Amino acid sequence: MATAAGAAAPTTQDDFYTFDETRLEQLRQEKPWMADPKFIKKVMVSPGAAMKMLMHAISGVERGIKTGGVPVEIMGLMIGRPDPEDPTRLVVTDVFPLPIEGAETRVLADDAEVMNYMIQLGENLELTRKERFMGWYHSHPFEVDIHSHCFMSAMDVSTQLGWQRLEDRNGNPWLAVVVDPLRSIAKGRPEFGAFRVYPPEYNAPADETPDFKIVTNDSARVERWGSCWNRYYILEMEYYMSSTAAAVLGTLSRSFLWMSNLTHAPGGEQEAREKAREQIGKMREKIKGMVDHGVPQLSLQRLQPSATPSSLSGPRGRGGPSRGGTRNGDAETAAISSDVAVDALLHQVTQLAKAEVFNPST
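FYI, the numbering for the sequence shown is 41 to 402, going by this note's numbering.
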């Protein structure tokens, strides 16, 4: 799942550029999202929409610093649809900036101007597009920290709830996207978070954060997800593009991406160190649990077969989930240790390659 810290690599699917209008209308009439607060699970975003959101957010940073010394928040609307092929998925095809700017705590807008702009924009879209307005996006241009600033503030939750309750019942599930422009610049990748809020009558599981983890430390969950951490959840986010666009991007990547790889050291970033520390902590707890249950030693012969498939079965050999079903304690421990080792090894190999290229005499 694409967490608030980013999104998955682009998916090549030409089918997202067309849809069955009859099936879509039937889905809008059925409204399955009204029966389950967590029904919508994924959002697919076109590269054009992602680029426009990020450029709009960065322009707010530049304009705010130039005029007042502080980045300003921006806001816009998204158009798209629920996916008839997978009702739990939303498709964002395009976005449109709104004449709104704000500060960290609130968004400032001339209501009459904004409403007139939205009405005119909606009328124009009815003449040229088959999609509807289906969500909104805004930025959190805060200073880069350990965590992403893609979260929902109390005002964000209130705004989303108002739109969501109105649009969902009309067959148009409403989406909220938060952009972290400063982190996007610092990390060299778009930092988005896609969210939906819970209705007031719904009680989320105790201590469950928007990414469905159970966190009992209140300061930690507030720091990461804001004071309304139990009133919304995050959606998996991916990009989609046509096969032609993917071919062009592949050519450009082969020609120019090597420069980025040589100047980037993901293993040395704070996020990577925190992830490794968390994985080692999990491994320690699992080993301790096995010892407490009368398994004092981990047999290398038992662990070795599980470690290798785990490290190779996931995307790019990075230890994705095994398809073999639920693993027992020792195999799961081996999988975690394998992931940590592979990540550390890849980082060291990359650093050695850089040293050999740029400083061969050492």
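Glycine included, every Cβ here is placed at the ideal spot set by N, Cα and C.
Computed from a predicted model, the values in this text were never measured in an experiment.
- In this structure, DSSP gives Lys82 an extended state, which the three-state scheme calls strand.
- Within the model, the alpha-carbon separation for Arg223 versus Val184 is close to 5 Å.
- Glu153 sits in a helix when the DSSP states are folded into three classes.
- Taken through DSSP and simplified to helix, strand or coil, Val131 comes out as strand.
- Pairing Val219 with Ser193, the inter-Cα distance amounts to about 13 Å.
- Secondary structure of Tyr177 (DSSP, three-state): strand.
- Secondary-structure assignment with DSSP links Met115 through a beta bridge to His178.
- For Pro250, the secondary structure class from DSSP, reduced to helix, strand or coil, is coil.
- Segment contact: the stretch 107–123 against the stretch 171–191, three or more CB-CB distances shorter than 8 Å; contact assigned.
- Secondary structure of Ala375 (DSSP, three-state): helix.
- Shown here, Val380 sits in a helix according to DSSP, grouped into three states.
- Rounded to the nearest whole angstrom, the C-alpha separation of Ala216 and Tyr272 is 10 Å.
- Between Met330 and Met323, the alpha-carbon positions lie close to 11 Å from each other.
- Counting of Cβ neighbours within 10 angstroms places Pro122 among the buried residues, the total reaching 16 or more.
- Distance from the CA atom of Ile320 to the CA atom of Met277, rounded to whole angstroms, is 27 Å.
- In this structure, DSSP gives Met95 a helical state, which the three-state scheme calls helix.
- Using a Cβ-Cβ distance cut-off of 8 Å, the stretch 125–144 and the stretch 76–92 are in contact, since at least three pairs of beta carbons, one from each stretch, lie closer than that value.
- Ala234 and Leu275 do touch by the CB rule: their CB atoms are close to 4 Å apart, below 8 Å.
- Beta-bridge annotation (DSSP): Asp126 is paired with Asp123.
- Counting along the chain, the unbroken beta strand (DSSP E) around Val219 starts and ends at 215–219.
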